[in-house]
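Under the working numbering, the first residue of the sequence shown carries the number 1122, and numbering increases by one thereafter. Virtual Cβ for every residue (Gly too), placed ideally from N, Cα, C.
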Amino acid sequence: LGIRYTLPDGWSFATEEQLQQMNGAISDTVDDETLSKSLENGSVFVELYAANAELSDSINITIQNAGIAFGVAGNADASIVVEQKLFEQQGFTDVSVKKGEGSFAGKSMSCIDAVLGKDGLTLYEKQFILKQGNYAVTITASSANENRTEELMKAFTEN
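Set out below in structure tokens:
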């Protein structure tokens, strides 16, 4: 993708072991062919995860098969319904997902803005979905603080 993320002070990246736990059966220690087959079958691979010490803010990058996930990668409209259902499956009871505009790696583009509620807590998310070959790469910023996601995305720059 040719991007870089500069972590804010007090943040840390997930370790290889933590990423392996997030990815379950898929791990970056498997060969490219096994990973490709898993993605073709609908698996989602967490490439990067980082959070602040309080875990109130985080960013992650996931990779999945573009055709299975959205029909058309890079199309925020096509993925809103899918995202709404995924959040509800994750147990969020108050879910608002809409198309937005934002800045990613210095470029203005469509994104998905979500407000998620569960057990009296609110989580704000901003997602950019980029097409990379046959895959959809989703970059997500999450925060317990409204309007913080745009600031988190500003730390992504082009290499």
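Out of Gln1141, Gln1211, Phe1249, the CA that lies nearest to the CA of glycine 1227 is found in Phe1249. As DSSP reads the structure, aspartate 1240 sits in no beta bridge.
With a beta-carbon spacing of about 5 Å, glycine 1131 and alanine 1174 fall inside the 8 Å limit used to define contacts. If the five residues before and after phenylalanine 1208 are omitted, its C-beta is found closer than 6 Å to the C-beta atoms of Val1216, Leu1237, all from its own chain and listed in chain order. Nearest to leucine 1169 by C-alpha distance, out of Met1143, Lys1220, Glu1271, is Met1143. Inclusion of tyrosine 1245 and serine 1264 in the CB contact set at 8 Å is warranted, their separation being smaller than that value. Ranked by Cα distance from alanine 1257, the first of Gln1205, Ala1276, Gln1185, Thr1214 is Gln1185. Taking the Cβ atoms as the reference, glutamate 1267 lies roughly 14 Å from glycine 1223, outside the contact range of under 8 Å.
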